[in-house]
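Engineer:
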């Protein structure tokens with residue numbers, strides 16, 4: 019399918035900084051841990067979604083990036099025809115590792131459902147969809163690296179086939195404290 023879509027906005031979150039359309043909108047000290055950084059960004063950006071604090075780090079990262087890029091286009095609408103097409107390398111391995119540690123020690127065996135409830139890439143998609151009233155297509159790919167051509171072509175297909183009016187597309191990776199988010203909104 020011929021790609022004739024265009025990117026209308028983008029969000030990058032990395033190194034304790036948040037950029038929207040290439041403008042720095044929030045930064046924290048480099049020494050601050052991700053969990054503190056993302057909570058400060060959440061408050062600074064005036065995001066209101068109580069379930070945010072139950073999410074794993076991958077979901078918090080994806081949710082924050084999506085809220086920045088979608089907040090103005092989905093506000094006050096009953097239904098939004100925006101598809102979500104996200105990808106990363108490690109799926110939810112960061113939380114999976116924590117869960118595994120909670121069940122490894124036989125003398126202190128306590129498999130905590132709290133560690134596992136708000137995990138998995140589907141939670142990223144689901145919570146974004148709930149907050150922004152998205153009822154369109156969504157998918158989460160696992161790639162070795164961000165496959166820009168594939169993601170752009172997939173987004174173009176969704177728009178040109180009428181399955182979506184816009185597509186939030188991008189990379190959201192979190193593993194062992196290392197993270198990067200790069201989201202693009204296609205029309």
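Residue numbers (the numbering used here): 19 to 205. C-beta atoms are modelled at their ideal positions from N, C-alpha and C, and glycine is treated no differently. Small disclaimer: the values here were computed from a predicted structure and weren't measured.
Tell me whether the beta-carbon of residue 101 lies closer than 9 angstroms to the beta-carbon of residue 176.
Structural biologist: Locating residue 101 in the chain shown gives position 83, where the first residue counts as 1. Locating residue 176 in the chain shown gives position 158, where the first residue counts as 1. Cβ atoms of residue 101 and residue 176: closer than 9 angstroms.
Engineer: Taking only the alpha-carbon atoms, compute the straight-line gap between residue 65 and residue 155 and give it to the nearest angstrom.
Structural biologist: Looking up residue 65 in the chain shown gives position 47. Looking up residue 155 in the chain shown gives position 137. Cα to Cα, residue 65 sits roughly 24 angstroms from residue 155.
Engineer: Determine the DSSP secondary structure at residue 168, reduced to helix, strand or coil.
Structural biologist: Position 150 of the chain shown, counted from the start, is the residue given in the question as residue 168. In the structure shown, the three-state DSSP call for residue 168 is helix.
Engineer: In or out: residue 29 buried (at least 16 other Cβ within 10 Å) or exposed?
Structural biologist: Numbered from its first residue, the chain shown carries residue 29 at position 11. Buried, since its Cβ has 16 or more Cβ neighbours within 10 Å.
Engineer: What distance in whole Å lies between the Cβ atoms of residue 186 and residue 203, which are believed to be in contact at a cut-off of 8 angstroms?
Structural biologist: Numbered from its first residue, the chain shown carries residue 203 at position 185. Numbered from its first residue, the chain shown carries residue 186 at position 168. Their Cβ separation, rounded to whole angstroms, is 6 angstroms, which keeps residue 203 and residue 186 in contact under 8 angstroms.
Engineer: So, with DSSP's three-state summary, where would you put residue 28?
Structural biologist: Counting from 1 along the chain shown, the entry for residue 28 is found at position 10. In this structure, residue 28 counts as strand in the three-state DSSP scheme.
Engineer: Going by DSSP in three states, residue 176 sits in which element: helix, strand or coil?
Structural biologist: Numbered from its first residue, the chain shown carries residue 176 at position 158. Helix, per DSSP.
Engineer: Quick check on residue 71: does DSSP put it in helix, strand or coil?
Structural biologist: If you number the chain shown from 1, residue 71 lands on position 53. In the structure shown, residue 71 sits in a helix (DSSP, three-state: H, G or I).
Engineer: In this structure, how does DSSP classify residue 144 when only helix, strand and coil are distinguished?
Structural biologist: Start at 1 with the first residue of the chain shown, and residue 144 comes out as number 126. Here residue 144 sits in helix by DSSP.
Engineer: Counting along the chain, where does the alpha helix (DSSP H) carrying residue 55 start and finish?
Structural biologist: As a working mapping, residue 55 is identified with position 37 in the chain shown. Unbroken alpha helix (DSSP H) run through residue 55: 52 to 62.
Engineer: Shortest alpha-carbon distance to residue 208 belongs to which of 191, 87 and 190?
Structural biologist: A question about residue 208 goes unanswered here, because the residues of the chain that appear run from 19 up to 205.
Engineer: Excluding the 5 residues flanking residue 160 on each side, which residues of the same chain have their C-beta closer than 6 angstroms to its C-beta?
Structural biologist: Within the chain shown, the letter at position 142 stands for residue 160. Here the set comprises 109.
Engineer: Taking all protein chains shown into account, do 16 or more other C-beta atoms lie within 10 angstroms of the C-beta of residue 22, making it buried, or fewer, making it exposed?
Structural biologist: Taking the first residue of the chain shown as position 1, residue 22 is located at position 4. When all chains shown are included, residue 22 counts as exposed.
Engineer: With a cut-off of 8 angstroms on the beta carbons, I'd call residue 196 and residue 151 a contact; round off their distance for me.
Structural biologist: For the purposes of this step, residue 196 is taken as the residue at position 178 of the chain shown. For the purposes of this step, residue 151 is taken as the residue at position 133 of the chain shown. 32 angstroms between Cβ atoms; not a contact.
Engineer: Taking residue 141 and residue 77 to be in contact with their CB atoms under 8 angstroms, please state how far apart those CB atoms are, rounded to whole angstroms.
Structural biologist: Here the question's residue 141 lines up with position 123 in the chain shown. Here the question's residue 77 lines up with position 59 in the chain shown. Contact flag correct, Cβ pair sits at about 5 angstroms.
Engineer: Residues bridged to residue 184 by DSSP?
Structural biologist: Here residue 184 refers to the residue found at position 166 when the chain shown is read from its first residue. According to DSSP, which records beta bridges pairwise, residue 184 is partnered with 100.
Engineer: Would you report the Cα separation of residue 75 and residue 56, rounded to the nearest angstrom?
Structural biologist: Taking the chain shown and counting its residues from 1, one reaches residue 75 at position 57. Taking the chain shown and counting its residues from 1, one reaches residue 56 at position 38. In a straight line, the C-alpha of residue 75 is about 9 angstroms away from that of residue 56.
Engineer: Using beta-carbon positions only, say whether residue 106 and residue 36 come within less than 9 angstroms of one another.
Structural biologist: Your numbering for residue 106 matches position 88 in the chain shown. Your numbering for residue 36 matches position 18 in the chain shown. No. Outside cutoff.
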